[in-house]
Structure formats: structure tokens, C-alpha cells
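Worksheet for the structure shown next.
In the working numbering, the protein residues as written are 441 to 1162.
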């Protein structure tokens, strides 16, 4: 089938299906609700039947450790890699199956089924990430199951499900927490369900003074983040001819964090790992995010329902941070100059502080028709999406004197550093059929994406944008098939396997306009019986071409930030394993959970780039540990429970290569502990320790220097439910 003939064929299927609602007997009852529309798995879908790797973290799972850091939450899922940056999860770096973690740009991030990255097509680096602490559920798909949720279909999908409207007439929660380094959290929820009108309101605020100290300064290195959400829903009467729900969601957040890209030299890390150079004292991130979402679902018949969402995301940020010291970039001598000045200031040095000012827009409409044809459960989906990133940046120049005071010497003019707009529009269509044949379930999918990706660049000499911008336009379309099979060998044992074409679009700066494409395979089994559950899979990703997107966090040169590089052929193989068991010790139970991932990566050709550096065929990827393991053991009584988490991250490279290197990041083990006690049926107190053994470890070298992981943090909390 040609691409030109594919569009009307899929559209006609959707229309024909919607018009044929009376063609089948009304013997199948579907769950028609907005909440069902927001989720990947839905309330009626068993994760055990999902082809490929599928995991769901329920509200109870999330409350076990009550993390505010999404990266600590996701380490319980095999095949997921995280790279710690600020220690609090403000800037999430998440990868799946070897895709790389930089700003989570290689995975599809959603909230309530809607793309959540600030500009997922034009600029996928996710400097905004939904506040993990307010989520009610987290769903993760990898491999063949993720093909419905583009644009990036190689690694996988993370869907964050926000607070749902309570089923009770009135219900809510108050959760407060306080800890070391000025950490504090307050989380409040109130809502209720009426006969036809329901609502929920939620406030989440957390903050800290930070665990680093700026040399020769009493300024804190912490943050404050506020997140407010409200939902209002109207539903028709249950006996209406066509049952419908319509829900409006508004979410606002803001953040101010004294965060930096400046790490330490190796010597300073060894002597004082939680210090920061005085040249970073002006570094600060400020951002605001607004989300509007209108969702509608209609029960067309007992066999068909249609869910539609219109969404708008507006994100603005300015990361004001040191970019050069005495004319040297951070990765080309600037860090060393800053270190020498703090150790023995003999005069003044010049410090450039760049205003990384950007505005993002992401909006669109998507609709999915769910059709029940008995043995065939079919989904037809359409999404039209537009997004853009407007970079309007400048550089201020400071003098850092011998007393470590920074004085502004030259105020930069906005638009004289980076001055461009990257934008994209995309039409996506998919059809997915789940066909049950006896003990077999065949999942076949086809996704089509038609994208226009543009760049207008006014350069550094036209801050008013009065001249003609340099213009580049990439037009891309792609058809992405997927096929997966599950077989219920017994009631307890499920075999599964699948193959899928992975894809990521080129960036506006990719001169070759080359897609990232791969063929991905997986094979494995799930077993669940009684108190035991387990899953083991092998995966293989065969890339024709892999992308690398240049960011400041990758220590790219200023003029190359935002550019995209093609690595060519790459292969990634791995094993994912997860098992859990609950021991019954009479009045006490002891749940245990083990998660393990083994990954091997290899570049298949040699090349040079500002992103990966000089690469030789056979080199391994940076920032993908060969082995990572997590073990959780708990003890639970009638009113109390404790959990101990041990997380091991194996040695990993910080640059492409093979064998031992002084730039490798050593393996490290972090232990978290939590204990809680129910003081009443609706009240709980909690004691938590992150990094119980106070392990000092390198988290990353991605900024041209050594960054340290979060040290031990003790906190206490109280939760009240009504």
C-alpha cells in the first residue's frame, strides 16, 4: 500500500466503524470514562496480557517510598536507565533499552495520555517534566506495545496518570514532610463525585536549600517548585442513550532553582564533593508551565466508544548559568580556571553568564475509536499536533574579584546569542488490532506519521528579527508496523515475542534530514502464581541510524547546541528480569522484589561528532551501564511497614570507547529506607532515609566536569486522609 493511499483508507475505516454501531449485538460492555481514556492499560486490561514489556506502578506502589524524584521511582522497572543530575529529579534524564538518557529525549513522555515534553517534535529535550509526587499512577511500555504512542517508538513510553476525581462525594488527603537540607513538602487534595458534576483540586509544593555549598558564599543551592491542578467533569445520566463524559483540566506549575551545569575537577571532588565554584553563584533556573486539556468520551454503543482530547501546553524557562570562564567553555578549561580562582584568588577573572531563555508551545487534538468485534479489539487513532521552541538568548559578562564577588560589567542584549524558532506540525494515524485466537493473542499495529519540521534562524546580529531568517524545512513521512504475539501456555505462564519498527524524527538542525530508524525484537515470558510473579525478556535493537541531539548538558560547543548528529548503524542487546514474592510469616508478611537489566551496546561504524566525540567501530555507548540491579525487601504488620531498597548501578562510560578509562564512572550502590506507622485508620506517620549509607558517588561527567549524587537525607512525614 502506498503512503498516499494509506491516509484515506485509515480514515474511512474510522468513519465506517463509527457508522456501523448497530451492526453487532449488544453483548459486550465497555468501560466508557475519561479516566479510562487517560491510561494506557485501562481499568479492564490485565498487564499480564500486554505483548512486550509492560509495567504499572499503582498508587500503593508509589506511596511505598513516596518519592518526589521520578528517577528514583522508575528504577523498579527493568530496561529503564536514569542519570541523576540535581539530586531532586527536577531535570529528568531517562532512557530505555540503551536509547540514552539526555533530557529524556529518546522516550515518549505523556501525562494523561497527552505528550508532555515542551516541544516533542521540534525540540524533544525535556527541560520540563511532570511533577512525579502528585501522580496517582505511572505506566511504562517498551518494545512492540509502544508503537501506538509516537513520535519516538524505539525505546518506550512513560505515561504519568494525574490525580483522578474521587469516587466518594467528598474525599481528600493532606501530606506534609520535612527533612535535611531544608527539604519540605506539602501536598493537599480535595474533591468529590456528584450525580452529574464532579471535581478535584490539588496543590503540591516542595523545596530544599540544597546539599551543595558555594565556595566563599552563604547562598543556598536549593529550589522551590509549586504545582496546582484542577479538574471538573460533567457526565450524562447512566441511562442516557449515548452516555458521555466531558472533563476540563487545568494545571499550572512554577519553579525557581539555584542550579548549575558547573561540576568539579577530579581533585576537588575527592577533597570536597559537595562544593560548588564561586563562578556559579549567579546560576538559576526559572520556569512556568501551563496545561489546558479538554477531554470528551462518548459511548456510541456497547461495542464502540470514542474518546477525544484537545490540549495546550505553554512552557517558558530561563536557565541563567555560567557558560565561559576567562573566555573558556566549561569543558575546554573553564572549570579548571574557576577551580584555581577559588583555591588561590590573585586577581579577577571574567565570567560569561548565558540567559538560556526559551519559550515552548505544544498543542493539538487526538481521538481514539475503540471497537469491540468479539475476538478483535481494535483501536483507530488520529492526532494532529503542533509545537515550537523559540530561543531568544543573550550573554551577560561579569567580573569575579579576589573577594569572590561578581560584578556585572556588560549587560547582553536579548536575541544576540541564540535567536531562532524551531517548529513542527505532525499528523499521526494508527490502527491496532488485538486478535484473540484460543490461547493466542496477536497484536498487529500500523502507525503513520506525516511531519513538517522547520527552522527560522536570525543569527546573532538581528535581535529585532527585522531581516530575513535563514530557513530550513524538513518534510518526513513514515509507516511503522508492529507485530506481537502472546501465548498462554498455562493459566500462569505466558510466552511473548514481537518485532517493531522504531522511529524518531530528525531535528530542524539535522542537515541530512535523516530519520532515526531501527528494527526492534523482543522475546520472553511472564509467570504469576499465588504470591510469586516474574518476567524475563531479551531484546535486540538494530539501528540503521541513531540520533544524538547536542545540548549544553552534553558539553557541546555553544554554536552547536541544538544540532543533531547521525551515528549510523548501531546495535543494542539486553536482558530484562523482574521477580517478586511475598512470604507469609503469620502476623507479618515479607514482600521482596528484584529488578535486573543487562545491556550491551556497540557502534558499528567510525565517525566524528561534537556529541559523541571520536568514535571507532566497536565502541560502547556512554552512560549505559552494562549491569544494574535493584532489590527491595519489606516487613509489614497490621499497622506498620518497613522497606529497604538496594540499588546497584554498574560501571559505565562517560565517553564512547572500550575497556578501562580514567573517565569511566565507577559502580556504586545506594540504599534507601522507609518506615511508616498507622496512628489511626486515616492517619500515618513516616520516617524516610535516602542514601542510608551516605554513599559518595559520581553521578555524571556530562557537563565537562564531575557531578556528585545526592548524599544521605533524613525526613519525617505525616499523612491524613478523609
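All C-beta atoms, glycine included, are put in the ideal place defined by N, C-alpha and C.
Residue nearest to residue i in terms of C-alpha spacing, selected from the options
| i | options | result |
| --- | --- | --- |
| residue 1014 | 742, 1049, 493 and 746 | 493 |
| residue 955 | 1102, 576, 965 and 941 | 941 |
| residue 655 | 722, 1016 and 793 | 722 |
| residue 706 | 1157, 1135, 1108 and 1104 | 1104 |
| residue 1005 | 498, 1018, 989 and 669 | 989 |
| residue 634 | 607, 646, 642 and 836 | 607 |
| residue 569 | 680, 754, 638 and 921 | 754 |
| residue 855 | 844, 743, 863 and 795 | 795 |
| residue 518 | 832, 479 and 1069 | 1069 |
| residue 598 | 651, 1017, 629 and 511 | 511 |
| residue 506 | 663, 562 and 576 | 576 |
| residue 947 | 555, 588 and 592 | 592 |
| residue 1003 | 860, 1154 and 645 | 860 |
| residue 829 | 1112, 629, 841 and 562 | 562 |
| residue 945 | 864, 907, 663 and 978 | 864 |
| residue 717 | 509, 729 and 776 | 776 |
Residue interval of the alpha helix (DSSP H) (run including residue i)
| i | result |
| --- | --- |
| residue 514 | 510 to 514 |
| residue 1129 | Segment 1123 to 1130 is the beta strand (DSSP E) holding residue 1129; no alpha helix (DSSP H) there. |
| residue 1116 | That residue, residue 1116, is in no alpha helix (DSSP H); its beta strand (DSSP E) goes 1108 to 1120. |
| residue 777 | 774 to 783 |
| residue 706 | 706 to 711 |
Local conformation of residue i per DSSP, three classes
| i | result |
| --- | --- |
| residue 1082 | strand |
| residue 502 | helix |
| residue 525 | coil |
| residue 660 | coil |
| residue 770 | helix |
| residue 622 | helix |
| residue 574 | helix |
| residue 747 | strand |
| residue 588 | helix |
| residue 583 | helix |
| residue 543 | helix |
| residue 1135 | coil |
| residue 489 | helix |
Neighbourhood of residue i by C-beta, 8 Å cutoff - its chain only, sequence neighbours within 5 removed
| i | result |
| --- | --- |
| residue 477 | 553, 735, 737, 747, 749 and 808 |
| residue 1027 | 1077 and 1078 |
| residue 879 | 927, 928 and 929 |
| residue 547 | 534, 535, 536, 539, 592, 595, 596, 597 and 598 |
| residue 662 | 621, 622, 647, 648, 649, 650, 697 and 698 |
Endpoints, beta strand (DSSP E) assigned at residue i
| i | result |
| --- | --- |
| residue 695 | 684 to 697 |
| residue 883 | 880 to 897 |
| residue 721 | Segment: none, residue 721 is in no beta strand (DSSP E) and carries neither H nor E. |
| residue 476 | No beta strand (DSSP E) contains residue 476, which is instead part of the alpha helix (DSSP H) from 474 to 478. |
| residue 600 | 596 to 601 |
| residue 482 | Per DSSP, residue 482 belongs to no beta strand (DSSP E) and is neither H nor E. |
| residue 641 | 637 to 648 |
| residue 1140 | 1138 to 1140 |
| residue 833 | Run containing residue 833: none; DSSP gives neither H nor E here. |
| residue 652 | Per DSSP, residue 652 belongs to no beta strand (DSSP E) and is neither H nor E. |
| residue 937 | 933 to 944 |
| residue 1047 | 1047 to 1049 |
Residues bridged to residue i (per DSSP)
| i | result |
| --- | --- |
| residue 1093 | None, per the DSSP bridge assignment. |
| residue 1074 | 1083 |
| residue 1061 | Looking at the DSSP assignment, residue 1061 forms no beta bridge with any residue, so it has no partner. |
| residue 1153 | 1130 |
| residue 979 | 962 and 1014 |
| residue 857 | None; residue 857 has no bridge partner. |
| residue 714 | The partner list for residue 714 (beta bridge, DSSP) is empty, contrary to what the question assumes. |
| residue 759 | 725 and 796 |
| residue 789 | 840 |
| residue 988 | 1005 |
Neighbourhood of residue i by C-beta distance below 6 Å, restricted to the same chain and skipping five residues each side
| i | result |
| --- | --- |
| residue 1116 | 1081, 1124 and 1126 |
| residue 886 | 871 and 921 |
| residue 761 | 700, 701 and 723 |
| residue 391 | A question about residue 391 goes unanswered here, because the residues of the chain that appear run from 441 up to 1162. |
| residue 1141 | 1094 |
| residue 984 | 957 |
| residue 1109 | 1088 |
7 Å CB neighbourhood of residue i in its chain, flanking five on each side removed
| i | result |
| --- | --- |
| residue 551 | 570, 600 and 602 |
| residue 867 | 824 and 890 |
| residue 651 | 527, 621, 714, 1150 and 1151 |
| residue 644 | 571, 573, 574, 627 and 667 |
| residue 498 | 577 |
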